[in-house]
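Below is one structure; the comments refer to it alone.
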Ligand code: SF4
Ligand code: SF4
Ligand code: SF4
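Protein chains in written order, with the working numbering: chain A, 1 to 308; chain B, 1 to 293.
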């Protein structure tokens, strides 16, 4: 059994949890916007354009929080640019360790932020009539969109794979963390779309978003059950640390299971319980809180495991 | 393995727990006390053991573990079968070092001696290495915002000197040298202990083919055998009881074992989510859901 109880926990707490939650919401939102471009039609245009405005500002917050956590802004650059002191890494001005999800993921997130910027400018062009040179040329370009989707999905998976590639209890016990984080990120993106569609009273889009919320919650539920089964099979106390500890247990059950999964499954799945798309805004907000609770429970489970 | 890798063989059977190695490490590397406030209010020490350091940390790069097996039953006053196991612990300078593998900045690096050192000016304090070390060795230093651990006295090795802890050890429990020579020394030592009736002895870090059975303490009678860990440890041990008694993992793994499967399953789940999402926008509605009111 590779997980050992002697591992120290890296004290990744609030700044990192919030930063990666925000990156996940940005990626999920971009991804749902892409789905609208690929499979939606003119009825989804209003919501898709508004969604395009969201990922880039969110991605600007991420490095600020990470810098707060690291303490010094200039250190942050060593993730992308090779510090002169790292002589063993060769002459390249860039620093890439393909064995490290933090290193390779850092590049993906940086490039994704670029795509988010283009989506932001494109949305400004479409909604406000801003004349942004070159951006208009990418309109309807499916290859560009597909690359953006791939980057968004990788960004969604990033924090899950990151904590999966450790020797921490809960984090490293299964290899499902990446999948779980993708599902919850996409769920958060659909939740943002629900809020936007509800507020815009975009009725046809709201219908599709309701369906998406339902199915994304269902897929997240399946993955969560598999994940819990994996923790049980590991038999190292990680299941109890995640689900029963006072530190993360309530957030896991009330937030991740209750708000993020059961609310969309029960409420959205039963049309009579949700008569109008305007309630979708509330549902979306509840799901977002649930996804934040999921992230909190997962990140802080390392502390709960160490204390158990 | 680095040619002519340097390391240390720690023979726990002759450690007296004098902590000279711990003091030498603190002194040579100018390591501060653990937590000044805790020292002042008398909570810095464990207080229930001669092992008053408790654990390795960013400022304790070496730690002498005292394993107090008071028996036969610790709940009674009968101490007729009491024994202490000592073990001077530090970074193992693993051949497959999880800390080094995950470091995103190149701060952790393999030296010309095969050891694992840290460029302090490169480290960004992300702490990814902390969760990757299966032994709980490397720790975040809150006063510098970077990480610290034993560096196999890199500065001394560059001057062709031995490590400070090995030099200070009065019983030669810690021996510094070429790992190949140390392995031979370890195997000879296990054999001579077995010949003298100490059948518990085995090597933790390399499989040199020895096996025996524990002859004292709660695990008396249990079989033990040499165990290779993470492709071999350049700082390795002769132990007298099961690894977990010394708080050492029996079969630790590299965190990278999860990288490809985790990314692969994430990709598959993303594909399923993508298809479902596309279908949601194509078909619009959950069966039975009324059209927009
Ligand atoms: S013992 Fe831990 S800190 Fe030392 S080299 Fe191995 S993984 Fe790295
Ligand atoms: S804390 Fe420093 S040494 Fe550890 S992984 Fe991060 S950059 Fe590398
Ligand atoms: S080798 Fe040097 S740095 Fe490592 S424990 Fe010994 S004295 Fe300390």
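Backbone N, C-alpha and C fix where the C-beta goes; we use that ideal spot for every residue, glycine too. The structure presented is a predicted model; accordingly, all values stated were derived computationally and were not measured.
> Shortest alpha-carbon distance to residue 84/B belongs to which of 115/B, 129/B, 15/B?
Replying inline: 15/B
> Taking Cβ positions only, does residue 171/A come closer than 9 Å to chain B?
Replying inline: yes
> With a CB to CB cut of under 7 Å and the five nearest residues on each side skipped, what residues in its chain are close to residue 7/A?
Replying inline: 167, 168
> How about residue 178/B: is its Cβ closer than 8 Å to a heavy atom in ligand 3?
Replying inline: no
>> Let me confirm a value: residue 252/B is counted as buried when at least 16 other C-beta atoms fall within 10 Å, else exposed. Which label applies?
In response: buried
>> Closest to residue 186/A by C-alpha separation, out of 111/A, 130/A, 209/A, 47/A, would be which residue?
In response: 209/A
> Taking any Cβ of chain B, which residues in the segment 68-81 of chain A have a Cβ under 8 Å from it, in chain order?
Replying inline: 70, 71, 72, 75, 76, 78, 79
> Closest by CA to residue 293/A, which one among 243/A, 104/A, 34/A?
Replying inline: 243/A
>> If you measure from each CB to the nearest heavy atom of ligand 3 and keep those under 5 Å, what residues do you get, in chain order?
In response: 25/B, 61/B, 62/B, 90/B, 150/B, 152/B, 153/B, 163/B, 164/B, 165/B
>> What I want to know is whether the C-beta of residue 101/A ends up closer than 8 Å to one or more non-hydrogen atoms of ligand 4.
In response: In the structure on display, ligand 4 does not appear, and the ligands it does have are ligand 1, ligand 2 and ligand 3.
> Would the segment 94-113 of chain A and the segment 92-107 of chain B be scored as touching if the rule is three or more Cβ pairs under 8 Å?
Replying inline: yes
>> I'd like to confirm the pairing. Which residues does DSSP put opposite residue 109/B in its beta bridges?
In response: 117/B
> Quick one: is the Cβ of residue 71/A within less than 8 Å of any heavy atom of ligand 2?
Replying inline: no
> Any C-beta of chain B sitting closer than 9 Å to the C-beta of residue 157/A?
Replying inline: yes
>> Using a Cβ distance threshold of 8 Å, determine whether the segment 62-70 of chain B contacts the segment 222-235 of chain B, with at least three qualifying pairs required.
In response: no
> In the structure shown, what three-state DSSP assignment does residue 213/B receive?
Replying inline: strand
>> Less than 9 Å between CB atoms is the rule here; does residue 291/B satisfy it with respect to chain A?
In response: With a pLDDT of 47 at residue 291/B, under the threshold of 50, the predicted position of this residue should be treated as unreliable, though the coordinate-derived value follows. Yes, contact with chain A.
> So is residue 143/B in contact with chain A if we call contact Cβ pairs under 9 Å?
Replying inline: no
>> So that I know if they touch, is there some Cβ in chain A lying closer than 9 Å to that of residue 213/B?
In response: no
>> Considering just the uninterrupted stretch of the alpha helix (DSSP H) at residue 149/A, what are its terminal residues?
In response: 142-164
> When the distance is taken between beta carbons, is residue 232/B closer than 9 Å to residue 1/B?
Replying inline: yes
>> Once the 5 residues before and after residue 179/A are set aside, which same chain residues still bring their CB inside 6 Å of it?
In response: 223
> Which of the residues in the segment 83-94 of chain A, read from start to end, lie with their CB under 9 Å from any CB of chain B?
Replying inline: 83, 84, 85, 86, 87, 88, 89
>> On the CB-based measure, 16 or more other CB atoms within 10 Å of its CB, does residue 151/B come out buried or exposed?
In response: buried
>> Measuring only the C-alpha atoms, how far is residue 213/B from residue 237/B?
In response: 17 Å
>> Looking at the secondary structure, which residues open and close the beta strand (DSSP E) in which residue 87/B lies?
In response: 83-89
> So, does the CB of residue 247/B fall closer than 9 Å to a CB anywhere in chain A?
Replying inline: yes
>> Beta-carbon within less than 6 Å of residue 148/B's beta-carbon, same chain only, minus the 5 sequence neighbours each way: which residues are those?
In response: 58, 141
>> Taking the straight line between their C-alpha atoms, what separation do you get for residue 259/B and residue 76/B?
In response: 49 Å
>> Taking 9 Å as the threshold (C-beta atoms), are residue 47/A and residue 165/A in contact?
In response: no
> DSSP state of residue 63/B, grouped into three classes?
Replying inline: strand
> Is it right to say residue 298/B is buried, meaning 16 or more other beta carbons lie within 10 angstroms of its own, or is it exposed?
Replying inline: Since the first residue shown for chain B is 1 and the last is 293, residue 298/B is missing from the structure and cannot be characterised.
>> I'd like the list of long-range same chain contacts for residue 259/A, defined as Cβ closer than 7 Å, with 5 residues on each side in sequence excluded.
In response: 286, 287, 289, 290, 293
> Where does residue 290/B land, buried or exposed, given buried means 16+ other C-beta within 10 angstroms?
Replying inline: Caution is warranted here: a pLDDT of 47 is assigned to residue 290/B, below 50, making its placement in the model unreliable, and the coordinate value is therefore given only provisionally. Label assigned to residue 290/B: exposed.
> Any idea what DSSP makes of residue 8/B, helix, strand or coil?
Replying inline: strand
>> Give me the subset of the segment 100-129 of chain A whose CB atoms are less than 8 Å from a CB atom of chain B, sorted by chain position.
In response: 100, 101, 102, 103, 106
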